[in-house]
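Using our numbering, the letters of the sequence shown map in sequence onto residues 1 to 491. Take a look at the structure set out below.
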Amino acid sequence: MAQAIPKKSEDYSGWYNEIVKRADLAEHSPVRGCMIIKPYGFSIWEKMQQTLDRMFKETGHSNAYFPIFVPKSYLSKEADHVEGFAKECAVVTHYRLKNSDTGEGVIVDPEAKLEEELIIRPTSETVIWDTYKNWIQSYRDLPILVNQWANVVRWEMRTRLFLRTAEFLWQEGHTAHATRQEAEEETLRMLDVYATFAEDYMAMPVIKGSKTESEKFPGAVDTYCIEALMQDGKALQAGTSHFLGQNFAKAFDVKFADKEGKLEHVWGTSWGVSTRLMGALIMAHSDDDGLVLPPKLAPIEVVIVPIYRNDEQKSMVEDKADVIQEQLREAGITVKFDNRDTHKPGWKFAEYELKGVPVRLALGPKDLENGTVEVARRDTREKEVISLESVTTHIKSLLVDIQDNIYKRAFDYRAANTSVANNWEEFTNILDEKGGFIEAHWDGTAETEDKIKEETKATIRCIPIDTKDEEGNCIYSGNPSKRRVIFARAY
């Protein structure tokens with residue numbers, strides 16, 4: 001911790017990588033493109049997972065698990081789907097190893113070739129819809145509301161911890177419905193769940209919108225997303241929800257008998273978020289000294305650091321710290337009392353600042369005499385001295401304030417970095433000089449979308465759900481446009 005973290009204003013990529021490494025979140029694995037999520041990083045992911053899992057169950061979903069291996073033939077059944085993932089698939093061709101004849105280790109046994117290659121799941125639509133064929137016969141079997149927590153593999157060449165790795169953790173919801181309306185409502189319901197989680201728990205404002213035809217999920221009729229703005233002015237897609245129509249039901253012949261006995265194809269959805277949210281959390285809030293965690297997702301909300309010079313002081317301070325710790329825990333606050341005698345208080349202060357712990361309490365002999373404790377908040381670095389009697393009520397209120405303040409800072413940053421462009425010159429100038437979200441007219445064609453991306457590396461992040469139609473002209477082609485879309489350079 002003696003060496004300073006690179007300043008995010010000077011080296012954003014280096015700043016990000018150092019925070020991931022030095023806050024003990026993750027590290028690279030021996031397998032290129034994969035990561036090891038360390039205990040502290042995984043504890044943040046667990047809080048995300050637990051919160052989302054509760055939200056899913058509150059909306060009627062249940063968890064299940066499906067195989068990591070997908071027969072190659074399954075991907076061939078939905079043409080758009082296989083085309084979308086073909087270049088990212090990891091393929092299993094053999095099922096056994098053997099010792100080499102030279103005695104130099106093991107080799108793939110050529111006699112153990114699989115009759116059909118297996119794909120390590122890049123996503124589970126195909127194997128799940130093949131399963132649903134056996135689960136669904138009648139309208140009485142619908143809806144099916146299933147979620148899966150799992151790992152997936154998409155063979156990325158350019159990777160970055162949490163943001164883009166060959167293997168990552170995620171959840172994928174897969175639902176089946178009797179009507180188009182039910183499926184479309186489910187798609188938007190889960191988009192709202194993601195937006196609520198991002199804003200209320202991650203303290204990260206998002207824009208809800210639909211993807212363009214060229215950016216939608218392979219095999220989907222419509223794809224919706226939440227888009228967030230990082231502190232370097234780049235966008236990050238934080239979650240997606242897909243209306244699949246009847247595409248996968250037709251590909252896997254999943255039909256049900258309606259109330260009149262007529263056979264109909266099922267309507268489907270899928271939706272997911274991943275450990276990419278960890279990257280979003282880091283980039284949306286952290287500063288040059290380390291993580292800044294919203295209390296609702298912090299593994300440790302409060303840390304107590306004792307200060308003493310001798311054994312007598314140590315005993316008195318630790319006794320009082322134990323009492324404070326118990327009071328906070330009874331109030332439902334996650335607290336750590338760091339009574340290690342292997343590190344000095346100043347070292348501990350720096351460690352917990354780096355790890356983004358929202359509140360730090362420092363307690364010494366003078367505090368005991370005065371009946372006070374020093375409180376430091378991570379988000380603003382402000383310190384104050386409060387009475388020991390008011391610790392619990394003060395900390396509960398302070399955690400709410402910190403959560404709200406972190407959200408407000410992110411919201412204000414997005415507002416200050418959202419611009420309107422009415423022509424090509426304005427658009428390119430904003431991109432190069434400021435970045436951020438740009439609201440601009442687009443003529444709706446894939447050709448224009450591709451040319452803008454090719455010339456500027458900016459993409460249409462989404463077509464916002466909450467904006468009204470507005471007649472105008474496309475910034476690139478000059479052709480008529482009915483509404484503005486959100487452009488940005490993105491991760």
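Just so you know, even glycine gets a beta-carbon here, dropped at the ideal spot from N, CA and C.
If you drop the 5 nearest sequence neighbours on each side, which residues of the same chain put their C-beta closer than 8 Å to that of N339? P306, E318 and A321
Assign P122 to one of three DSSP states: helix, strand, or coil. Of the three classes helix, strand and coil, the one that applies to P122 here is coil, per DSSP.
Backbone CA spacing between K7 and A421 [nearest angstrom]: 30 Å
Does the distance from the C-beta atom of Q148 to that of P294 stay below 8 Å? no
With H, G and I counted as helix, E and B as strand and the rest as coil, what does DSSP make of F56? helix
Contacts around I386, its chain only, beta-carbon distance under 7 Å, and the 5 residues preceding and following it disregarded: Leaving aside the five residues that flank I386 on each side, the residues in its chain whose CB is nearer than 7 Å to its CB run, in chain order, T372, V373, V375 and H394.
Thinking C-beta only, is V153 closer than 8 Å to P122? yes
Once you ignore the five residues that flank K259 on each side, which residues in its own chain have a CB closer than 7 Å to its CB? Only Y139 meet the Cβ criterion.
Could you tell me whether the Cβ atoms of A176 and I136 are closer together than 8 Å? yes
Per-residue DSSP class, three states only, for Y352: helix
Please confirm whether K38 and L297 have their CB atoms less than 8 Å apart. no
Through-space distance from Q50 to A26, alpha-carbon basis: Approximately 20 Å between the Cα atoms of the pair.
Around the Cβ of T102, are there at least 16 other Cβ atoms within 10 angstroms (buried) or fewer (exposed)? exposed
Determine the direct distance from the alpha carbon of E384 to that of R484, and round the result to whole angstroms. 47 Å
Any chance the stretch 213 to 225 sits against the stretch 240 to 251, with 3 or more Cβ pairs inside 8 Å? Yes: the two stretches touch, three or more of their Cβ pairs being nearer than 8 Å.
Exposure label - G105; buried when at least 16 CB within 10 Å: Label assigned to G105: exposed.
Look at the alpha carbon of D253 and the alpha carbon of T187, and state the distance between them as a whole number of angstroms. 22 Å
Distance, Cα to Cα, V302 vs V146? 36 Å
Within the continuous alpha helix (DSSP H) that includes G84, where are the two ends? Start and end: A79 to F85.
At least 3 beta-carbon pairs within less than 8 Å: the stretch 159 to 179 vs the stretch 272 to 282: yes
Any 3 or more C-beta pairs closer than 8 Å across the stretch 440 to 458 and the stretch 468 to 477: yes
Within 7 Å: the Cβ of D432 and any heavy atom of the ligand MG? The ligand MG is not part of this structure, which contains no ligands at all.
Going by the beta-carbon positions, is the gap between K482 and A23 smaller than 8 Å? The answer is no: Cβ separation not under 8 Å.
Report the three-state DSSP secondary structure of F252 (helix, strand or coil). coil
Taking C-beta to C-beta, are E125 and G219 nearer than 8 Å? yes
Hey, L281 and G436: beta-carbon distance below 8 Å or not? For L281 and G436, no; Cβs fall outside 8 Å.
Going by alpha carbons, who is nearest to E455 out of F42, F427 and K314? F427
Quickly, what does DSSP pair P464 with across the bridge? List them, please. G209
Assumed close pair V206, E215 - CB separation to whole angstroms, cut-off 8 Å: In fact, because the Cβ distance is near 17 Å, the residues do not count as touching under 8 Å.
I think V335 touches I304, with their Cβ atoms under 8 Å apart; what is that distance to the nearest whole Å? 7 Å
Out of M55, P480, M283 and K408, which has the shortest C-alpha to C-alpha gap to G14? It is M283 whose Cα lies nearest to the Cα of G14.
Check for me: the beta strand (DSSP E) holding N147 runs from which residue to which? I144 to V153
Out of K451, G444 and R461, which one is the CA nearest neighbour of P480? G444
For the alpha helix (DSSP H) that contains N429, what are its first and last residues? W424 to E433
Specify the secondary structure class of F437 as computed by DSSP and reduced to three states. Reduced to three states, the DSSP call for F437 is strand.
Nearest-angstrom Cα distance between L263 and A178? 11 Å
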